[in-house]
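A.B. asks: One structure coming up, written as structure tokens, with questions to follow.
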Amino acid sequence: MSENLESDKELSGKIPDPGIHPHVLRAADVDPKAEKRAEKKVAILFALSGLGTLLFIWGFVGFTNNNSVVFLPILGEVQTSQLILGCGLGIALLMIGLAAVQWARQLMPDNEVIAQRHEFRSSDEARADFVSTVKERAGSVQLGRRKLIKRSIGFSLGLIGIVPILSLRDLGPLPRKQLEETDWSKGIRLMTDPGKQPIKPEDLEVGSVVQVMPELSGDASLEQVAKDPVLLIRLRPADFNLNAERLSWTYNGIIAFSKICSHMGCAVALYEQQTHHLLCPCHQSTFDVTRAAKVIFGPAARPLPQLPITVDSDGFLVAASGFLEPVGPSFWERNSNKKI
Amino acid sequence: MKKSEKAAGSVANFVDERTGAAAWAKKNLTKVFPDHWSFMLGEVALYSFIILLLSGTFLTFWFNPSQNDVVYKGAYQPLSGISMSEAYASTLHISFDIRGGLLMRQIHHWAALIFVAAIIAHLLRVFFTGAFRKPRELNWIIGVGLLTFAIVEGFLGYSLPDDLLSGTGIRIAEAIIQAIPVVGTYIAFFVFGGPFPGAVFIPRIYIVHVLLLPGLFLALITVHLMLVWYQKHTQYPGPGRTNKNVVGYPLMPVYMAKAGGFFFVVFGITSLLGALASINPIWLYGPYTPGQISAGSQPDWYMGWLDGLVRMAPNIETHAFGHTISWNILAPGVIIPGILFTGMALYPFIESWLLNDKLEHHLLDRPRNNPNRTALGAMSLAFILVALINGGNDLIATHFKSSINDIMWFSRIGILVIPPITFVITKRICLALQRKDREIVLHGRESGRLVMMPHGEFVEVHTPLDKYDTYKLASHPQPKALEIPTHDESGVRVKRPLVNKLRNRLSRAATEQVAAPSGDELHELEHH
Chain A
-8 MSENLESDKE LSGKIPDPGI HPHVLRAADV DPKAEKRAEK KVAILFALSG
42 LGTLLFIWGF VGFTNNNSVV FLPILGEVQT SQLILGCGLG IALLMIGLAA
92 VQWARQLMPD NEVIAQRHEF RSSDEARADF VSTVKERAGS VQLGRRKLIK
142 RSIGFSLGLI GIVPILSLRD LGPLPRKQLE ETDWSKGIRL MTDPGKQPIK
192 PEDLEVGSVV QVMPELSGDA SLEQVAKDPV LLIRLRPADF NLNAERLSWT
242 YNGIIAFSKI CSHMGCAVAL YEQQTHHLLC PCHQSTFDVT RAAKVIFGPA
292 ARPLPQLPIT VDSDGFLVAA SGFLEPVGPS FWERNSNKKI
Chain B
2 MKKSEKAAGS VANFVDERTG AAAWAKKNLT KVFPDHWSFM LGEVALYSFI
52 ILLLSGTFLT FWFNPSQNDV VYKGAYQPLS GISMSEAYAS TLHISFDIRG
102 GLLMRQIHHW AALIFVAAII AHLLRVFFTG AFRKPRELNW IIGVGLLTFA
152 IVEGFLGYSL PDDLLSGTGI RIAEAIIQAI PVVGTYIAFF VFGGPFPGAV
202 FIPRIYIVHV LLLPGLFLAL ITVHLMLVWY QKHTQYPGPG RTNKNVVGYP
252 LMPVYMAKAG GFFFVVFGIT SLLGALASIN PIWLYGPYTP GQISAGSQPD
302 WYMGWLDGLV RMAPNIETHA FGHTISWNIL APGVIIPGIL FTGMALYPFI
352 ESWLLNDKLE HHLLDRPRNN PNRTALGAMS LAFILVALIN GGNDLIATHF
402 KSSINDIMWF SRIGILVIPP ITFVITKRIC LALQRKDREI VLHGRESGRL
452 VMMPHGEFVE VHTPLDKYDT YKLASHPQPK ALEIPTHDES GVRVKRPLVN
502 KLRNRLSRAA TEQVAAPSGD ELHELEHH
């Protein structure tokens, strides 16, 4: 180990190391009055800590209602109880800390001490000794000679590795086709969410947007809420820029898209009425409603799946079929070139 | 003998007769630690971890990690009668019915933010001063591991209350898992116990958050500190400081008082933050449901750069052979962070390979004295900062009334352009600072005093440095670039000539610096 890198030696005439700075005495080291002052300062800080604890106790006993709030400039509203308890605790702790640090800085010895380092590398002798010991002990096991044991160890340790993997198997079911299925299918009514009312086309004004769920027998589970929500948007039919198939999936200017973002599954909740854009608040993927939710900005790679809709014999809006592609984010097994 | 001394003596006797620790304890109580403000950054991380353990334990007494549905009937009126998970309801209970509960929640959240911030600040200090070099590479790798786990731990922690914001974060995490080719769908179904969201992820991340990861932290932090202790702390270069000694203050009493006191300072400031600055007011977000979202959804800051990368990713997916690969998720969510963290962990070995440097280093570099490394660090920071800014692009757009599309395009181009520019500028600044140091050593500091010479010329008087400052500014190492021959004496190409050429080239860049003034130069100047 050299003091610096090897190349350093080649420099002619290194600047000499003058050694550490001479020790400078502090005021408290030479002036008894200053020493007394420093001592008092530390004592006052410790005493202030006590006051902080008293404040905490007062806050704990005196404010049992967590609903009362006070308004602090810039910081906004905070709970009264939290404010008093926190300030009490903060002062109590902070003052102990400041007292200890002041004590160390002003009154404890501040002479710099020099200690030596040792090189980490063991001596060559010790290293050789280590290697020969390991070789000797390993040799005494005679693993090389005992082929049968060697192989059976490999077999048993290799096999037992399966146990932790296999025993985690029941963490969850196999995916099967679950990511491709929703509760939508032909004839299922579109129900307002919230509200659970069937909708007639004439209930929707041009420019309005409604969230709907499929008509379910009971309350929707969170798993259903994570895949079934659909946004119903009514435009002037002339605003559409769709091919014939996609146009046939709309009804009187009403078009329906999955609300679950095709990027990472957030709810695509922002609709801009003027531009007919849907925006996902998570990563700002933007979809153009007039062009079958085509991605016009952001990281989403696919349009929002469109739900074909029509009306049933009672005049209520229903799904003309289920989704023709999986809703939500992509996954390995997703065949994005094929309709379901 | 005083009574207290007698009592201490008998305790020491009891312990020593059973452990023989007297010599060991004496040696360690007088252990020397170098002093510098930047050495406190790691301490802040350690102390916030202790604060997290204490406040977290308090929260577990009331938090109920369950996704069972309950109807809320607690003290917070606006949510009364609303159906929600027990996890969310118990978080409301802690916030509104337990005295000091909200304070503890806020202290816990603030301490988590400070924990990650302190780890990163500590990491930057270690990087920019070269403290990661041999023999401390292992501790660097442990540190990178701690940072990774801290980010995960923080994310799991703020996901526990099961509010609308945290649920959205979990949804995104699920989409990243699901995007992993071949096994992603299966892993997602196993983690969530079926299709998203399922009813098991809160109890599962709870046990990871309160048992598994804290256990890992305890083990890694213990090894980290034991290595610091055993290898002794690095020190900044300066008069009297060499690679073979350590100059500073003894553990007892100065460091005990300073470090112990500093713990109380950190805890006190965290408490005041918890008291005064509202953080994660989950009662305003409402319970999680996958069908809803609030605009301006933001993760905690240490996840923001990841979110920013995901936001700016180009929308590329591969659809082939009946399979879908989402590069728009994999690249920003898995591949780039993987490269960043692997590169960071391996950096000590890369640098030692570039300079063929196998020596122990206990003296730190001033950042300017290793311009290439400093520039590399600044470049990485610039990359993360652009990503972080893009992570808040929606808030920037609404606060500064600008177009979100423009901000996104700025980030997409900026993340490619700004880091290299930062590299070049930082390297130039370092070289300029080195030149300035050299100038000051050789010609002294400007005194501001003008003197008119007999022939009418005005000159400024320069005050020469004292020997301590001279040594401080002129003693840094001057590593040489490698010159591995690509051909041997007889003109035959050696093995792997291209690798050698690249290594020579990179080491030239890594060693580029302004020569430190030598004693001869100084001597010469003193005499003319």
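Just so you know, the sequences run in chain order A and B. Take the first sequence: its position 68, counting from 1, is numbered 59 in this note's numbering, and each next residue is one higher. Convert by adding 1 to the 1-based position in the second sequence; the result is the number in this note's numbering. Just so you know, even glycine gets a beta-carbon here, dropped at the ideal spot from N, CA and C. Bear in mind the structure is a predicted one, so any value in this text is a computation, not a measurement.
1. Do T173/A and F314/A have their beta-carbon atoms positioned less than 8 Å apart in this structure?
2. Would you check if the region 355 to 366 of chain B and the region 467 to 483 of chain B touch, i.e. whether three or more CB-CB distances between them fall below 8 Å?
3. Give the residues from the region 386 to 398 of chain B that approach chain A closer than 8 Å (Cβ to any Cβ), ordered along the chain.
4. Just verifying my parser: in three-state terms, what is the DSSP assignment at L507/B?
5. Taking DSSP as the reference, what is the three-state secondary structure of K285/A?
6. Can you pull the chain B neighbours of S327/A, defined as C-beta to C-beta under 8 Å?
7. For the region 223 to 252 of chain A, list every residue whose C-beta sits within 7 Å of some C-beta in chain B, in sequence order.
8. In angstroms, rounded to a whole number, what distance separates the CA positions of G378/B and A482/B?
9. Could you compute how far the alpha carbon of Q107/B sits from the alpha carbon of W141/B?
10. Of all Cβ atoms in chain A, is any one closer than 8 Å to the Cβ of T471/B?
11. Label Y231/B either buried or exposed according to how many other C-beta atoms from any shown protein chain fall within 10 Å of its C-beta, with 16 as the threshold for buried.
12. Any beta carbon from chain A within less than 8 Å of N329/B's own beta carbon?
13. Can you give the beta carbon distance from A54/B to P215/B, rounded, assuming they're within the 8 Å contact cut?
14. Kindly indicate the opening and closing residues of the beta strand (DSSP E) around R325/A.
15. Given a limit of 7 Å on CB to CB distance, which residues of the region 208 to 223 of chain A reach chain B?
16. Quick one, which of G53/A, L85/A, I65/A has its alpha-carbon nearest T71/A's?
17. Measuring straight from C-alpha to C-alpha, what distance separates A90/A and L45/A?
18. Taking G168/B as the reference, give the member of A314/B, Q293/B, F190/B with the closest Cα.
19. At a Cβ threshold of 8 Å, is T183/A touching chain B?
20. Using a Cβ-Cβ distance cut-off of 8 Å, determine whether I179/A contacts chain B.
21. For L501/B and T343/B, what's the separation of their Cα atoms in angstroms?
22. What residue does the alpha helix (DSSP H) around D489/B start on, and which one ends it?
23. Of all Cβ atoms in chain B, is any one closer than 8 Å to the Cβ of P290/A?
24. Note down the Cα distance separating Q68/B from A90/B, rounded to an integer number of angstroms.
25. In terms of residues, what are the limits of the alpha helix (DSSP H) holding R19/B?
26. On the CB-based measure, 16 or more other CB atoms within 10 Å of its CB, does D308/B come out buried or exposed?
27. Among the candidates A46/B, F411/B, N329/B, whose CA atom is the shortest distance from the CA of V266/B?
28. Would you mind reading off the limits of the beta strand (DSSP E) that contains P338/B?
29. Please list, in chain order, all residues of the same chain as V16/B whose beta carbon is under 8 Å from its beta carbon, the five residues on each side excluded.
30. When you check each C-beta in the region 199 to 230 of chain B against every C-beta of chain A, which residues fall closer than 9 Å?
31. Let me make sure I understand the geometry here. Which of L42/B, T31/B, S448/B has the alpha-carbon closest to that of G249/B?
32. If you draw a straight line from the alpha carbon of Y77/B to that of E214/A, how long is it in whole angstroms?
33. Can you find a CB in chain E that lies within less than 8 Å of the CB of L42/A?
34. Note the first and the last residue of the continuous beta strand (DSSP E) segment covering Y250/B.
35. Which residues does DSSP list as the beta-bridge partners of Y262/A?
36. Counting only runs of 4+ residues fully inside the region 64 to 131 of chain A, write out the alpha helix (DSSP H) ranges in chain order.
C.D. replies: On the basis of the supplied data:
1. Yes, the pair counts as a contact, with Cβ atoms nearer than the cut-off.
2. The region 467 to 483 of chain B is in contact with the region 355 to 366 of chain B.
3. Going along the region 386 to 398 of chain B in chain order, one finds N394, D395 with a Cβ nearer than 8 Å to chain A.
4. Here L507/B sits in helix by DSSP.
5. strand
6. E318, H320, T325
7. Listed by position along the chain: K250.
8. 20 Å
9. 31 Å
10. Judged by the 8 Å Cβ criterion, T471/B is in contact with chain A.
11. exposed
12. yes
13. Sequence inspection shows Leu at residue 54/B; the Ala mentioned does not correspond to that position. Contact holds; Cβ gap of about 7 Å.
14. Neither: R325/A is in no beta strand (DSSP E) and is coded neither H nor E.
15. L213, E214, V216, A217, P220
16. G53/A
17. 18 Å
18. Checking every option, the nearest Cα to that of G168/B belongs to Q293/B.
19. no
20. no
21. A quick correction: the sequence has Asn, not Leu, at residue 501/B. Near 23 Å, if we compare the C-alpha coordinates of T343/B and N501/B.
22. Careful: D489/B lies outside any alpha helix (DSSP H) and carries neither H nor E.
23. yes
24. 10 Å
25. 4 to 20
26. By the neighbour-count rule (16 or more Cβ atoms within 10 Å), D308/B is buried.
27. Residue A46/B is the option with its Cα nearest to V266/B.
28. DSSP places P338/B outside any beta strand (DSSP E); the residue lies instead in the alpha helix (DSSP H), whose first and last residues are 337 to 356.
29. A22
30. Taking 9 Å as the Cβ-Cβ cut-off against chain A, the residues of the region 199 to 230 of chain B that qualify are G199, A200, V201, R205.
31. T31/B
32. 28 Å
33. Annotation note: the requested chain E is absent from the structure, which comprises protein chains A and B.
34. 246 to 251
35. Beta-bridge pairing links Y262/A to L269/A.
36. Every alpha helix (DSSP H) stretch that sits fully inside the region 64 to 131 of chain A and reaches 4 residues is listed by chain position as 71 to 97.
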